[in-house]
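Number of protein chains: 2
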Amino acid sequence: MPRAPPYVWTLIELYERGAARRPLELSTEELGLMLGLSQQGASKHLAELEKEDLIVRRRNARGASVLITKEGSDTVISIYSRLRAAVEGKAGVFEFHGTLFTGLGEGGYYVSLAGYRKQFVKLLGFEPFPGTLNLTIGAGEIELKKQLGLLRGLGLTGFVHGGRSYGPAKCFRATVESRYEAGALIIERTHHGEGVLELVAPVNLRKALSLKDGDHVRVLVQTGDATNGSGGH
Amino acid sequence: MPRAPPYVWTLIELYERGAARRPLELSTEELGLMLGLSQQGASKHLAELEKEDLIVRRRNARGASVLITKEGSDTVISIYSRLRAAVEGKAGVFEFHGTLFTGLGEGGYYVSLAGYRKQFVKLLGFEPFPGTLNLTIGAGEIELKKQLGLLRGLGLTGFVHGGRSYGPAKCFRATVESRYEAGALIIERTHHGEGVLELVAPVNLRKALSLKDGDHVRVLVQTGDATNGSGGH
DNA sequence: ATTACTAGAAGGCGAGTAT
DNA sequence: TATACTCGCCTTCTAGTAA
Numbered sequence: 029m030p031r032a033p034p035y036v037w038t039l040i041e042l043y044e045r046g047a048a049r050r051p052l053e054l055s056t057e058e059l060g061l062m063l064g065l066s067q068q069g070a071s072k073h074l075a076e077l078e079k080e081d082l083i084v085r086r087r088n089a090r091g092a093s094v095l096i097t098k099e100g101s102d103t104v105i106s107i108y109s110r111l112r113a114a115v116e117g118k119a120g121v122f123e124f125h126g127t128l129f130t131g132l133g134e135g136g137y138y139v140s141l142a143g144y145r146k147q148f149v150k151l152l153g154f155e156p157f158p159g160t161l162n163l164t165i166g167a168g169e170i171e172l173k174k175q176l177g178l179l180r181g182l183g184l185t186g187f188v189h190g191g192r193s194y195g196p197a198k199c200f201r202a203t204v205e206s207r208y209e210a211g212a213l214i215i216e217r218t219h220h221g222e223g224v225l226e227l228v229a230p231v232n233l234r235k236a237l238s239l240k241d242g243d244h245v246r247v248l249v250q251t252g253d254a255t256n257g258s259g260g261h
Numbered sequence: 029m030p031r032a033p034p035y036v037w038t039l040i041e042l043y044e045r046g047a048a049r050r051p052l053e054l055s056t057e058e059l060g061l062m063l064g065l066s067q068q069g070a071s072k073h074l075a076e077l078e079k080e081d082l083i084v085r086r087r088n089a090r091g092a093s094v095l096i097t098k099e100g101s102d103t104v105i106s107i108y109s110r111l112r113a114a115v116e117g118k119a120g121v122f123e124f125h126g127t128l129f130t131g132l133g134e135g136g137y138y139v140s141l142a143g144y145r146k147q148f149v150k151l152l153g154f155e156p157f158p159g160t161l162n163l164t165i166g167a168g169e170i171e172l173k174k175q176l177g178l179l180r181g182l183g184l185t186g187f188v189h190g191g192r193s194y195g196p197a198k199c200f201r202a203t204v205e206s207r208y209e210a211g212a213l214i215i216e217r218t219h220h221g222e223g224v225l226e227l228v229a230p231v232n233l234r235k236a237l238s239l240k241d242g243d244h245v246r247v248l249v250q251t252g253d254a255t256n257g258s259g260g261h
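Rendered as structure tokens:
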């Protein structure tokens, strides 16, 4: 998206108000108010837009009307198209690059517990291999993992078993090395630090990919619809 | 769409490059090139974005990596959502306000010619009443009508009949007074000026709406998918 | 009531340069 | 090599005011 002059926001505002559908009666004062701009500033924006043939104006007794030209509509639609491609196409996937290491085997223990295992089957659609793949992710990706934690994901509920309580966790569908289906675990209180990504899969990934400690592994995590939580700020 | 500071375009550019999915390795020089900005300018934009918590940066040996935060993604998605609502929701409809007048009856003659009549049936799905409704549109709406002429619409092909040739024309689905289905005609060489909107309908609109000359009529013209011809400029 | 000119302030920008 | 500071230019903003 090349940098656009400030008055493009004004064009978008006019577009939102339907000025591409019919001449919009609007004083420069009102427009300024809408944009957080002075009346004079709004006037200048309109003058610029008209000079660029993005709008046409018609003066009348009390004010003027604004109509967006075909070129103006195309400008707005072109911005929209690029945003659509970016938001709909790319978002919803987080990419991690991790280094394999061997954990303490606790992951495998948890996964094999019926209380969690049955939930994995239900949520991910596969019987998990009784062991997790532990990856150390780059420091820059920790922020990304934190963002995962903010998303809904697939919820694993906690339970009590044998007098011990097991906490709730979160899970996301993931793909390992573009080939293997997996689940990325987000566990609130884990023995691992925040720089670790833990994966469950229907197969022994370490064996299936012939991995050894220190190998690099690429993981794509699906976060669901990108437009969820589109409230903005 | 409230006015946004210029660095929001930079945020969008970063988003397009996938910086919301994984840390993006990018020098300020490259970013400047992408945005038509100097290296220093790009650096400033990044500093601003970081100050607003829209991105996080991590410095490394050769350059730095940029990752868009949840707040940053929300900002982009919020802009996208508003644009989507405006473009998908509103566009594709032009609104005209016209004043009824009585033509010379030529419209009715043309409409009843088999060469045109059969095309109306095929394109609009109704047998046209042998007469057109002529509206004088406001001067400000002439530009809008010109824009109609630039769109594809439903094409009526010309023909020769009885030694006379009848030219091609264009037609758009329309709704009169929110109640009656109609077709809005765009005729290249017409006896009417450009300030006239001519409508065909399956019924006698003048009678159905109890209209007399001078009455005001509101017409919504469907122009088809708004994202057609989204090339921009 | 409008729109829009002018002048001066504020902020964005690039060049040079420090780190 | 990078990033980012200062400085001067230029664009954009608001205020005052004309039309």
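If you're matching them up, the sequences are chains A and B in order. For the first sequence, the working numbering begins at 29 and goes up steadily by one. For the second sequence, the working numbering begins at 29 and goes up steadily by one. Think of the CB as a built atom: it goes at the ideal place given N, C-alpha and C, for glycine as much as any other residue.
Proximity to residue i [Cα-Cα], best of the options
{"i": "A212/A", "options": "L179/A, D243/A, G242/A", "result": "L179/A"}
{"i": "R31/A", "options": "V228/B, S66/B, H125/B, I83/B", "result": "S66/B"}
{"i": "F154/A", "options": "R234/A, Q68/A, V228/A", "result": "V228/A"}
{"i": "E222/A", "options": "C199/A, I165/A, V249/A", "result": "I165/A"}
{"i": "E99/B", "options": "K79/B, V224/B, L111/B, G117/B", "result": "K79/B"}
{"i": "S106/A", "options": "V115/B, S109/B, D102/B", "result": "V115/B"}
{"i": "G159/B", "options": "L233/B, L152/B, L225/B, F200/B", "result": "L233/B"}
{"i": "T56/A", "options": "L225/A, L42/A, D243/A", "result": "L42/A"}
{"i": "A167/A", "options": "R50/B, F157/B, S101/B", "result": "R50/B"}
{"i": "K72/B", "options": "E44/B, L82/B, Y35/B", "result": "Y35/B"}
{"i": "G136/B", "options": "L152/B, F157/B, V224/B, F200/B", "result": "F157/B"}
{"i": "T251/B", "options": "A236/B, G195/B, F200/B, D102/B", "result": "F200/B"}
{"i": "S226/A", "options": "R192/A, L132/A, A236/A", "result": "Correcting the residue type first, residue 226/A is Glu in the shown sequence and not Ser. Checking every option, the nearest Cα to that of E226/A belongs to L132/A."}
{"i": "Y138/B", "options": "S193/B, L182/B, F124/B", "result": "S193/B"}
{"i": "L82/A", "options": "V149/A, L182/A, P33/A, K150/A", "result": "P33/A"}
Integer-rounded CB distance, given that residue j should sit under 8 Å from residue i
{"i": "L52/A", "j": "V94/A", "result": "5 Å"}
{"i": "N247/B", "j": "A202/B", "result": "First, the amino acid is wrong: residue 247/B is Val here, not Asn. Confirmed, about 5 Å."}
{"i": "L176/A", "j": "L128/A", "result": "The pair is not a contact, with the Cβ atoms about 19 Å apart (cut-off 8 Å)."}
{"i": "V204/B", "j": "F122/B", "result": "The pair is not a contact, with the Cβ atoms about 13 Å apart (cut-off 8 Å)."}
{"i": "G126/A", "j": "V231/A", "result": "18 Å between Cβ atoms; not a contact."}
{"i": "E134/A", "j": "H189/A", "result": "Not confirmed; about 15 Å, so no contact."}
{"i": "L272/B", "j": "V224/B", "result": "Because chain B here runs from 29 to 261, residue 272/B falls outside it and cannot be looked at."}
{"i": "R217/B", "j": "G195/B", "result": "6 Å"}
Residue i to residue j span [Cα, whole Å]
{"i": "G186/A", "j": "A119/A", "result": "30 Å"}
{"i": "I215/A", "j": "S238/A", "result": "27 Å"}
{"i": "E171/B", "j": "S206/B", "result": "23 Å"}
{"i": "L141/A", "j": "L184/A", "result": "13 Å"}
{"i": "V84/A", "j": "I40/B", "result": "29 Å"}
{"i": "Q147/A", "j": "Y208/A", "result": "20 Å"}
{"i": "G69/B", "j": "K173/B", "result": "43 Å"}
{"i": "W37/B", "j": "E58/A", "result": "25 Å"}
{"i": "A113/B", "j": "L77/B", "result": "26 Å"}
{"i": "L111/B", "j": "Y108/A", "result": "6 Å"}
{"i": "A92/B", "j": "A75/B", "result": "12 Å"}
{"i": "H96/A", "j": "A89/B", "result": "With the sequence shown as reference, residue 96/A is identified as Ile, and His is not the correct amino acid for it. In a straight line, the C-alpha of I96/A is about 49 Å away from that of A89/B."}
{"i": "A48/A", "j": "A48/B", "result": "32 Å"}
{"i": "L54/B", "j": "E169/A", "result": "15 Å"}
{"i": "L63/A", "j": "R45/B", "result": "29 Å"}
{"i": "S101/B", "j": "G242/A", "result": "32 Å"}
{"i": "L61/A", "j": "R145/A", "result": "57 Å"}
{"i": "M287/A", "j": "G143/A", "result": "Nothing can be reported for residue 287/A, as the shown portion of chain A is limited to 29 through 261."}
{"i": "K240/A", "j": "R86/B", "result": "28 Å"}
{"i": "G181/B", "j": "G117/B", "result": "19 Å"}
{"i": "V149/B", "j": "K150/A", "result": "54 Å"}
{"i": "A210/B", "j": "A210/A", "result": "55 Å"}
{"i": "K235/B", "j": "F124/B", "result": "20 Å"}
> What residues from the region 166-185 of chain B come within 7 Å of chain A, judged by C-beta to C-beta, listed N to C?
Replying inline: A167, G168, E169, E171, L172, Q175, L178
> Taking any Cβ of chain A, which residues in the region 204-228 of chain B have a Cβ under 8 Å from it, in chain order?
Replying inline: none
>> Along the region 137-156 of chain A, where does the CB come closer than 9 Å to a CB of chain B? Name the residues.
In response: none
>> Which runs of the alpha helix (DSSP H) at least 4 residues long sit entirely within the region 218-243 of chain B? Give them in chain order.
In response: 233-236
> Taking a cut of 8 Å between CB atoms, which residues from the region 33-50 of chain B lie near chain A?
Replying inline: P34, W37, T38, I40, E41, Y43, E44, G46, A48, R49, R50
> What runs of the beta strand (DSSP E), each 3 residues or longer, lie entirely inside the region 51-139 of chain B?
Replying inline: 83-88, 91-96, 121-129
>> Going residue by residue through the region 169-204 of chain A, where are the continuous beta strand (DSSP E) segments of at least 3 residues, counting only ones entirely within it?
In response: 182-184, 187-189, 192-194, 197-204
> Along the region 91-112 of chain B, what residues have a CB closer than 8 Å to any CB found in chain A?
Replying inline: S93, L95, T97, K98, E99, S101, D102, T103, V104, I105, S106, I107, Y108, S109, R110, L111, R112
> Which of the residues in the region 60-83 of chain B, read from start to end, lie with their CB under 7 Å from any CB of chain A?
Replying inline: L63, G64, L65
> Which runs of the beta strand (DSSP E), 3 residues or longer, sit entirely within the region 142-173 of chain B?
Replying inline: 161-165
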